[in-house]
Amino acid sequence: MNLTRRGVDLAGATQTVRDFSVWPVVDNTLDLLQAGLDEQARWKTSLWDGLILAAARALGATELITEDFNHGQDYEGIRAINPFR
Numbered sequence: 118m119n120l121t122r123r124g125v126d127l128a129g130a131t132q133t134v135r136d137f138s139v140w141p142v143v144d145n146t147l148d149l150l151q152a153g154l155d156e157q158a159r160w161k162t163s164l165w166d167g168l169i170l171a172a173a174r175a176l177g178a179t180e181l182i183t184e185d186f187n188h189g190q191d192y193e194g195i196r197a198i199n200p201f202r
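So for the sequence shown, this note's numbering puts the first residue at 118; every next one is plus one.
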């Protein structure tokens, strides 16, 4: 597990996984890939960023915490927030 390789003890890493497991998960599907390609084309992003937007949209998210998107930009109902600004 990457956390333990970075010095987090097993108990702490296990608790982190349990804490994160309450968040909803978006399965990779052909529909999500198509939506990601559509987001990529619309916003002129990388495929990876298009997939992130598609997954956020699939979950009904209105905010995306990220360092990589344009802070404050509204991606048609999903606002990018850089927590380090």
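All residues carry an ideal CB built from backbone N, CA and C; glycine is no exception. Note that the structure is predicted; figures quoted are calculated from it, not measured.
Task: Which of helix, strand or coil DSSP assigns to D191 - done: Looking at D191 - three-state DSSP - the assignment turns out to be strand.
Task: Three-state secondary structure assigned by DSSP to E180 - done: In the three-state DSSP reduction, E180 falls in the strand class (E or B).
Task: Residues near L170 by beta carbon distance below 6 Å, same chain, minus five either side - done: Excluding the 5 residues flanking it on each side, L170 has same chain C-beta neighbours closer than 6 Å at E156 and Y192, in chain order.
TODO: Put R196 into one of helix, strand or coil per three-state DSSP.
DONE: Strand, per DSSP.
- [ ] Kindly indicate which residue of N187, E180, R202 and F186 has the alpha-carbon position closest to the one of G194.
- [x] When each option's Cα is compared against that of G194, the closest is E180.
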